[in-house]
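In order, the protein sequence lines correspond to chains A and B. Going left to right, the first sequence walks through residues 3 to 232 as the numbering used here numbers them. Going left to right, the second sequence walks through residues 3 to 232 as the numbering used here numbers them. Even for Gly, the Cβ is constructed at its ideal location relative to N, Cα and C. Remember, predicted model here, so these are calculated numbers, not experimental data.
2 protein chains.
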Amino acid sequence: PPGRKVLIVYAHQEPKSLNGSLKRVAVEELSKQGCSVTVSDLYAMHFEPRATRNDIVGCLHNSEEFNYGVETWEAYKRGGLSNDLIEEQKKVQEADLLIFQFPLYWFSMPAIMKGWMDRVLVQGFAHEFPNCYDSGLLKDKLALFSFTTGGSREMYAKGGISGDIRYVLWPMQHGIMHFCGVKVLAPHICFAPEYVSEEKRKEMLIAWAHRLKTLWKEEPINCSPEWYFK
Amino acid sequence: PPGRKVLIVYAHQEPKSLNGSLKRVAVEELSKQGCSVTVSDLYAMHFEPRATRNDIVGCLHNSEEFNYGVETWEAYKRGGLSNDLIEEQKKVQEADLLIFQFPLYWFSMPAIMKGWMDRVLVQGFAHEFPNCYDSGLLKDKLALFSFTTGGSREMYAKGGISGDIRYVLWPMQHGIMHFCGVKVLAPHICFAPEYVSEEKRKEMLIAWAHRLKTLWKEEPINCSPEWYFK
Numbered sequence: 003p004p005g006r007k008v009l010i011v012y013a014h015q016e017p018k019s020l021n022g023s024l025k026r027v028a029v030e031e032l033s034k035q036g037c038s039v040t041v042s043d044l045y046a047m048h049f050e051p052r053a054t055r056n057d058i059v060g061c062l063h064n065s066e067e068f069n070y071g072v073e074t075w076e077a078y079k080r081g082g083l084s085n086d087l088i089e090e091q092k093k094v095q096e097a098d099l100l101i102f103q104f105p106l107y108w109f110s111m112p113a114i115m116k117g118w119m120d121r122v123l124v125q126g127f128a129h130e131f132p133n134c135y136d137s138g139l140l141k142d143k144l145a146l147f148s149f150t151t152g153g154s155r156e157m158y159a160k161g162g163i164s165g166d167i168r169y170v171l172w173p174m175q176h177g178i179m180h181f182c183g184v185k186v187l188a189p190h191i192c193f194a195p196e197y198v199s200e201e202k203r204k205e206m207l208i209a210w211a212h213r214l215k216t217l218w219k220e221e222p223i224n225c226s227p228e229w230y231f232k
Numbered sequence: 003p004p005g006r007k008v009l010i011v012y013a014h015q016e017p018k019s020l021n022g023s024l025k026r027v028a029v030e031e032l033s034k035q036g037c038s039v040t041v042s043d044l045y046a047m048h049f050e051p052r053a054t055r056n057d058i059v060g061c062l063h064n065s066e067e068f069n070y071g072v073e074t075w076e077a078y079k080r081g082g083l084s085n086d087l088i089e090e091q092k093k094v095q096e097a098d099l100l101i102f103q104f105p106l107y108w109f110s111m112p113a114i115m116k117g118w119m120d121r122v123l124v125q126g127f128a129h130e131f132p133n134c135y136d137s138g139l140l141k142d143k144l145a146l147f148s149f150t151t152g153g154s155r156e157m158y159a160k161g162g163i164s165g166d167i168r169y170v171l172w173p174m175q176h177g178i179m180h181f182c183g184v185k186v187l188a189p190h191i192c193f194a195p196e197y198v199s200e201e202k203r204k205e206m207l208i209a210w211a212h213r214l215k216t217l218w219k220e221e222p223i224n225c226s227p228e229w230y231f232k
């Protein structure tokens, strides 16, 4: 609906890829609805995935023994995180919905996107014990994981050789988003686009645009072990 | 036993950390046994986690539309991968055992280590359909995930708020290592070292050294859904 803000965190090297098209479709459809859409195009930004001392501007809290979690927490509180992190945190703060668009790499997100999670979702900003899971600091936001796979739907079926696709969603949806209080919409998965016809790939884009039309009416999933492991 | 080769892939910024100590203990104990031990210290190497066109030297197979999986596969076959990848692949090729030592970040490995998986385990080198899972190209090797957690053992119990710790092992052990044919030893987990006494942390190091003494007699786990999800 008009006024809603969406952040698309996008990780593909090639604009002509299906992931690139899925991202464009989302920008177009959500803009058409009157949403304001921001894209973090991680490869184009040369986004830094490594969690290092460079993420803290100025002196360290404890320079004797570097602890990334403690240092970024302290730096967040005094406004001393590096600019690229502050930028991303602003985008997250303003967003009602986060869409993660990526090709599944090794049963997870590509390293560049994992680095976004590792570095942006700092303690104090996204969570702060005991404010985690249902009381995480990013509650009242929604997230949606939209990705393509190399393996087929059959390989990722329960009993398939790669196991239920929901198994790979646990760390991403529950371990990251739910931990920060974010409510999770059902994932959007395009299975094995490299092995289907151009026609089928077009249908995948149409299906995504179609889903986005009624996205704001969807209920979040119940992000508990039952959803993942039945 | 004498002659066995071990590669430790290590991802921590601070040598004085428990992860740093666990790595040192492994180098010492395995060397004492007569093993030859190599360490890839990813932060010290400034290891590149991003999967980009820079990983391919020379011309692309298809420069119209960049496909990372296809391009690295083609580059591997003609010896055209970037030097840092060739180096890591040599270490993997020579190793009988791979030990991954890291702090758990967001229910997974740190981005810098995920980038090692994304970039080093290239098709043609580590797998090549239909040579995956039990017939993956790295069969006859062993892997062991050794990591520290922020959450306690209770949080990571079945029924605990963070779910069974085995759930987070599925993508790493089954989705990556088993996919490449590598047999997986039981993980080695130090729960919440930041919240225990110095004394307890020392016991953690002793326990790791102790386990390493009989490591070569261990049987791999049965890396199937039952092990993870019962």
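Burial state of residue i (16 or more Cβ within 10 Å)
i	result
H48(B)	exposed
P51(A)	buried
F131(A)	exposed
D136(B)	exposed
N243(A)	Nothing can be reported for residue 243(A), as the shown portion of chain A is limited to 3 through 232.
P173(A)	buried
T150(B)	buried
K141(A)	exposed
C225(B)	buried
C182(B)	buried
C134(B)	buried
P112(B)	buried
P195(B)	buried
K232(A)	exposed
A159(A)	exposed
A209(A)	exposed
When the options are compared against residue i, the one with the closest alpha-carbon
i	options	result
K7(A)	W218(A), D98(A) and A209(A)	D98(A)
E156(B)	W172(B), A209(B) and C192(B)	C192(B)
K93(A)	I223(A), K143(A) and S19(A)	K143(A)
L171(A)	S148(A), Y12(A) and K204(A)	S148(A)
D310(B)	P227(A), M115(A), G117(A) and W118(A)	Since the displayed chain B opens at 3 and closes at 232, residue 310(B) lies outside it and no answer follows.
E89(B)	K204(B), F102(B), K141(B) and W118(B)	W118(B)
K79(A)	Y12(A), F127(A) and P222(A)	F127(A)
E221(B)	T151(B), K185(B) and G82(B)	K185(B)
V124(A)	C61(A), V72(A), Q35(A) and S19(A)	V72(A)
S33(B)	A211(B), M206(B) and F231(B)	A211(B)
V122(B)	M115(B), Q91(B), S42(B) and N133(B)	Q91(B)
S38(A)	L146(A), A194(A), L100(A) and S23(A)	L100(A)
S19(B)	R203(B), L214(B) and Y230(B)	R203(B)
P3(A)	E16(A), Q35(A) and G60(A)	Q35(A)
L87(A)	V59(A), F104(A) and E67(A)	V59(A)
I223(A)	R168(A), A209(A) and P17(A)	R168(A)
Where the alpha helix (DSSP H) through residue i begins and ends
i	result
K7(B)	That residue, K7(B), is in no alpha helix (DSSP H); its beta strand (DSSP E) goes K7 to Y12.
H212(B)	E200 to K215
D86(A)	N85 to E96
V72(A)	Y70 to K79
A113(A)	A113 to V122
L171(A)	I167 to L171
P227(A)	P227 to F231
Element boundaries [beta strand (DSSP E), containing residue i]
i	result
P3(A)	Run containing P3(A): none; DSSP gives neither H nor E here.
Q103(B)	L99 to P105
F131(A)	Unbroken run through F131(A): none, as it is neither H nor E.
S148(B)	L144 to T150
H180(B)	Where H180(B) is concerned, there is no enclosing beta strand (DSSP E), given that its DSSP letter is neither H nor E.
Any non-hydrogen atom of the ligand NAP within 6 Å of residue i CB
i	result
K219(B)	This structure simply doesn't include the ligand NAP, nor any ligand for that matter.
Does the stretch 171-190 of chain A come close enough to the stretch 103-122 of chain B to have 3 or more Cβ pairs within less than 8 Å? yes
Unbroken alpha helix (DSSP H) runs of length 4 or more, entirely within the stretch 13-54 of chain A: which are they? 20-34
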